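K.L.:
Heads up: take any position in the sequence shown, counting from 1, add 16, and you land on the working numbering.
Every residue gets a Cβ at the ideal spot worked out from N, C-alpha and C, and that includes glycine.
Every value quoted in this text rests on a predicted model; they were computed, and no experiment measured them.
Quick one: the structure is below, and I'll ask about it shortly.
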Amino acid sequence: MTTTAESTTELLGLFPPGSRVDPDGELVVGGCRLAGLAAEWGTPLYVIDEAAVRAHVRRVRRALGAAWPDSRMVFASKAFPVTAMYRLMAEEGIGVDVAGAGELAMALAGGVDPARIIVHGNAKTPAELRMALHARAGLIVIDNTDDIEALEELADGEQPVLLRVLPGVRPDTYDAVATGQAGSKFGLPLPAARAAIARLRRSRKLRLDGLHVHIGSQILSAEPFAHAVEAIAGLGEFRTYDLGGGLGVRYTYADCPPSPEDWIGALAGAARQVLPSGAELIIEPGRSLVAPFGVTVYRVVSVKGDDPRFVAVDGGMADNMEVALYGQRFEATVTSRVGGGSRVELVGRHCESGDRLVSGVALRDARPGDLVAVPVTGAYCVTMANNYNGALRPPVLFARDGQSRLVVRRETLADLMSRDVPPA
Ligand code: LLP
Numbered sequence: 017m018t019t020t021a022e023s024t025t026e027l028l029g030l031f032p033p034g035s036r037v038d039p040d041g042e043l044v045v046g047g048c049r050l051a052g053l054a055a056e057w058g059t060p061l062y063v064i065d066e067a068a069v070r071a072h073v074r075r076v077r078r079a080l081g082a083a084w085p086d087s088r089m090v091f092a093s094k095a096f097p098v099t100a101m102y103r104l105m106a107e108e109g110i111g112v113d114v115a116g117a118g119e120l121a122m123a124l125a126g127g128v129d130p131a132r133i134i135v136h137g138n139a140k141t142p143a144e145l146r147m148a149l150h151a152r153a154g155l156i157v158i159d160n161t162d163d164i165e166a167l168e169e170l171a172d173g174e175q176p177v178l179l180r181v182l183p184g185v186r187p188d189t190y191d192a193v194a195t196g197q198a199g200s201k202f203g204l205p206l207p208a209a210r211a212a213i214a215r216l217r218r219s220r221k222l223r224l225d226g227l228h229v230h231i232g233s234q235i236l237s238a239e240p241f242a243h244a245v246e247a248i249a250g251l252g253e254f255r256t257y258d259l260g261g262g263l264g265v266r267y268t269y270a271d272c273p274p275s276p277e278d279w280i281g282a283l284a285g286a287a288r289q290v291l292p293s294g295a296e297l298i299i300e301p302g303r304s305l306v307a308p309f310g311v312t313v314y315r316v317v318s319v320k321g322d323d324p325r326f327v328a329v330d331g332g333m334a335d336n337m338e339v340a341l342y343g344q345r346f347e348a349t350v351t352s353r354v355g356g357g358s359r360v361e362l363v364g365r366h367c368e369s370g371d372r373l374v375s376g377v378a379l380r381d382a383r384p385g386d387l388v389a390v391p392v393t394g395a396y397c398v399t400m401a402n403n404y405n406g407a408l409r410p411p412v413l414f415a416r417d418g419q420s421r422l423v424v425r426r427e428t429l430a431d432l433m434s435r436d437v438p439p440a
């Protein structure tokens, strides 16, 4: 085992801003001692620093408004589909993007103004389209010609739409979350987009407001975003351009994503060059609005071996699919001994070898009963939580300035079996 150089300060830099270590050594997030939250709510536990999310949303809004005044921002809600988060975003004055009836229902339940909802999906069912029309969703994003036919049939009055264009841009990210390259299942490539635009312009019901592009997720450089804007500029002049989300975040010490200001600067810079000056710009970030402000807290159940040393916790790939699906690397710490330590294999409790939360992470003297916190779990972890091995999905707490509130309760065994039809 090697001893690592990462200092407490470096490690704290991956936790939400304002996270600190109390004089007795215990980690504090959102003003709340994680040990206290774990004692009250059990583990695994998702904790979101609510004040930090709100401050960040405001920062991104400000940056967007400064770079392109005729603009708006929506939250790609798949990154954290929980009613309280929809409410938070609505309170912060931004809209949401939804993909599917479930997200639409949560957005409406969270009090999002339907006019600020953008409906996505490459396989929207007629029932979902009906629901979106009935809710009077502000924009529906056409992904394919079947969407056009279905909406022509289902819409009563005029429905504003965007057309999703496949720009042919492959950002440097995981294959599984790249969406802008030739061959992607999302949107229409340029020639097909031209035909769809001509068709939509003839439509009596569908009002084509503009174009949409989204090239992928966890993108760590600004250039591909600009290339996507350039790629769609030749399709004609439109009122609205939704330039998608995709800005990456810092999961590990090595990651160095563009700031929101740099990202928006790249989008607006390209837009100034190639889009109509009177156009409205929309951005729809998901991950970058929430990932850095979430932490998962686990309890260590067992520790075995020396080389490798396995530290096994009471969660894993049932509450964090990012590792098993994409190979995303995280960092971690014992909450009462923050920073430093020796390299261990931090593993989950599920029956798969791939259930390794963090391979080779430095933990200081982890013992059964200790709490371990994994930072930067605020995006897509709640989203993809599952019941592998009968795992009960963890509760979600919003922590804010030393106060916490439960926004999703822990799943129970009764919940787990609630859809099973009892054997006769
Ligand atoms: N807009 C559209 C149309 C999208 O499909 C997505 C994400 C976003 C915006 C937001 O992208 P973001 O800013 O979050 O990168 N399950 C994967 C992430 C898949 C992202 C899918 N689309 C994960 O766990 O990493």
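Using the three-state DSSP reduction, which class does P97 fall into: helix, strand or coil?
P.N.:
Taking the first residue of the sequence shown as 1, we reach residue 97 at position 81. The answer is coil: DSSP assigns P97 none of H, G, I, E or B.
K.L.:
By DSSP, does Y102 sit in helix, in strand, or in coil?
P.N.:
Taking the first residue of the sequence shown as 1, we reach residue 102 at position 86. Three-state result, Y102: helix.
K.L.:
With a floor of 4 residues, list each alpha helix (DSSP H) that falls wholly inside the segment 256 to 304, ordered by position along the chain.
P.N.:
DSSP runs (the alpha helix (DSSP H)) wholly in the segment 256 to 304: 276 to 290.
K.L.:
Cβ of E26 versus every heavy atom of the ligand LLP: is any distance shorter than 6 Å?
P.N.:
In the sequence shown, the residue the question calls residue 26 occupies position 10. Not so, every heavy atom of the ligand LLP lies at least 6 Å from the Cβ.
K.L.:
Rounded to a whole number of angstroms, what is the C-alpha to C-alpha distance between F254 and R77?
P.N.:
Counting from 1 along the sequence shown, the entry for residue 254 is found at position 238. Counting from 1 along the sequence shown, the entry for residue 77 is found at position 61. Distance between the alpha carbons of F254 and R77: 23 Å.
K.L.:
Apart from the five residues on each side of it in sequence, which residues of its chain come closer than 8 Å, Cβ to Cβ, to D225?
P.N.:
What you label residue 225 is simply residue 209 of the sequence shown in a count that begins at 1. Only L155, P176, V177, L178, F254, R255, T256 meet the Cβ criterion.
K.L.:
Locate the beta strand (DSSP E) running through A307, then write down its first and last residues.
P.N.:
Along the sequence shown, read from residue 1 onward, the residue named residue 307 stands at position 291. Note, A307: premise wrong, no beta strand (DSSP E); not H, not E.
K.L.:
Is there contact between the segment 329 to 347 and the segment 90 to 101, where contact requires at least three CB pairs shorter than 8 Å?
P.N.:
Touching, no, given that fewer than three Cβ pairs across the two stretches are closer than 8 Å.
K.L.:
Taking only the alpha-carbon atoms, compute the straight-line gap between N160 and R146 and give it to the nearest angstrom.
P.N.:
To locate residue 160, count along the sequence shown from 1; it is residue 144. To locate residue 146, count along the sequence shown from 1; it is residue 130. Cα-Cα distance, rounded: 17 Å.
K.L.:
Is R345 near the ligand LLP, with its Cβ less than 6 Å from a heavy atom?
P.N.:
Here residue 345 refers to the residue found at position 329 of the sequence shown. No.
K.L.:
Identify, in the order they occur along the chain, each residue of the same chain with its Cβ nearer than 6 Å to the Cβ of A79, setting aside the five sequence neighbours on each side.
P.N.:
As a working mapping, residue 79 is identified with position 63 in the sequence shown. Contacts found: P276, E277, I280.
K.L.:
Where does P205 sit, in a helix, a strand or coil, going by DSSP?
P.N.:
By one-based count along the sequence shown, residue 205 stands at place 189. Reduced to three states, the DSSP call for P205 is strand.
K.L.:
For R426 and L408, which I take to be in contact (beta-carbon distance under 8 Å), what is that distance rounded to the nearest angstrom?
P.N.:
Locating residue 426 in the sequence shown gives position 410, counting from the first residue. Locating residue 408 in the sequence shown gives position 392, counting from the first residue. R426 to L408, Cβ: 6 Å. Contact.
K.L.:
Closer than 6 Å: is that where the CB of Y102 sits relative to any heavy atom of the ligand ATP?
P.N.:
Questions concerning the ligand ATP fall outside what the structure shown contains, since the ligands it does hold are the ligand LLP.
K.L.:
Helix, strand or coil for L422, going by three-state DSSP, please let me know.
P.N.:
Along the sequence shown, read from residue 1 onward, the residue named residue 422 stands at position 406. Residue state, collapsed to three classes: strand.
K.L.:
Which first and last residues belong to the alpha helix (DSSP H) in which D225 is found?
P.N.:
Indexing the sequence shown from 1 puts residue 225 at position 209. From DSSP, D225 is part of no alpha helix (DSSP H) but of the beta strand (DSSP E) over 222 to 228.
K.L.:
The ligand LLP heavy atoms versus the CB of P301: any closer than 6 Å?
P.N.:
Here the question's residue 301 lines up with position 285 in the sequence shown. The answer is yes for P301.
K.L.:
A153 to I299, Cα distance in whole Å?
P.N.:
Here the question's residue 153 lines up with position 137 in the sequence shown. Here the question's residue 299 lines up with position 283 in the sequence shown. Going from the Cα of A153 to the Cα of I299 covers about 17 Å.
K.L.:
If the criterion is Cβ atoms closer than 7 Å, does the pair L187 and I235 meet it?
P.N.:
Against the sequence shown, residue 187 aligns to sequence position 171. Against the sequence shown, residue 235 aligns to sequence position 219. The identity of residue 187 in the sequence shown is Pro, whereas the question assumes Leu. Yes.
K.L.:
My output table needs one value for H150: the three-state DSSP class, helix, strand or coil.
P.N.:
Counting from one through the sequence shown, the residue named residue 150 turns up at place 134. Of the three classes helix, strand and coil, the one that applies to H150 here is helix, per DSSP.
K.L.:
Please state whether DSSP places E174 in a helix, a strand or coil.
P.N.:
The count along the sequence shown starts at 1 and reaches residue 174 at position 158. Here E174 sits in coil by DSSP.
K.L.:
Kindly examine the ligand LLP and report whether one of its heavy atoms sits closer than 6 Å to the Cβ of G261.
P.N.:
The sequence position of residue 261 within the sequence shown is 245, counting from 1. Yes, the Cβ of G261 comes within 6 Å of a heavy atom of the ligand LLP.
K.L.:
For C397, count neighbouring C-beta atoms within 10 Å of its own C-beta (all shown protein chains included) and say buried if the count is 16 or more, exposed if not.
P.N.:
Within the sequence shown, residue 397 is the residue found at index 381, counting from 1. Classification of C397: buried, given that the 10 Å Cβ count is 16 or more.
K.L.:
Look at V265 and S318 and say whether their C-beta atoms are less than 7 Å apart.
P.N.:
Position 249 of the sequence shown, counted from the start, is the residue given in the question as residue 265. Position 302 of the sequence shown, counted from the start, is the residue given in the question as residue 318. Not in contact: V265 and S318 (Cβ atoms no closer than 7 Å).
K.L.:
Only counting the same chain, and skipping five residues up and downstream in sequence, which positions put a Cβ closer than 6 Å to that of A117?
P.N.:
If you number the sequence shown from 1, residue 117 lands on position 101. Cβ neighbours of A117 beyond the five flanking positions: E144, M147.
K.L.:
Give the straight-line distance between the Cα atoms of H462 and R180, rounded to the nearest whole angstrom.
P.N.:
The structure shown does not extend to residue 462, since the chain is modelled only from 17 through 440, so no value can be given for it.
K.L.:
Sort out for me which residues DSSP pairs T195 with in a bridge.
P.N.:
Along the sequence shown, one-based indexing puts residue 195 at 179. For T195, which the question treats as bridged, DSSP gives no partner whatsoever.
K.L.:
Report, in whole angstroms, the separation of the C-beta atoms of V306 and A192, which I expect to be a contact under 8 Å.
P.N.:
Counting from 1 along the sequence shown, the entry for residue 306 is found at position 290. Counting from 1 along the sequence shown, the entry for residue 192 is found at position 176. Not a contact, Cβ separation roughly 19 Å.
K.L.:
What three-state label does DSSP hand P411 in the structure shown?
P.N.:
The sequence position of residue 411 within the sequence shown is 395, counting from 1. Correct three-state label for P411: coil.
K.L.:
Name the DSSP beta bridge partners of T349, please?
P.N.:
Here residue 349 refers to the residue found at position 333 of the sequence shown. In the DSSP output, where bridge partners are listed per residue, T349 has A389.
K.L.:
For the ligand LLP, I want to know if A307 counts as a neighbour, meaning its beta carbon is within less than 6 Å of at least one of the ligand's heavy atoms.
P.N.:
As a first step, residue 307 must be located in the sequence shown, where it is residue number 291. Every heavy atom of the ligand LLP is 6 Å or more from the Cβ of A307, so no.
K.L.:
Please confirm if H243 has its CB atom under 7 Å from at least one CB of chain D.
P.N.:
No chain D is part of this structure, which consists of one protein chain only.
K.L.:
Leaving out five residues before and five after I110 in sequence, what residues of the same chain have Cβ atoms less than 8 Å from its Cβ?
P.N.:
By 1-based counting over the sequence shown, the position of residue 110 is 94. Closer than 8 Å at Cβ, skipping near neighbours: V73, R77, R88, M89, V90, F91, R132.
K.L.:
Could you spell out where the alpha helix (DSSP H) holding R75 opens and where it closes?
P.N.:
Translated into the one-based positions of the sequence shown, residue 75 becomes position 59. Element bounds for R75: 66 to 83.
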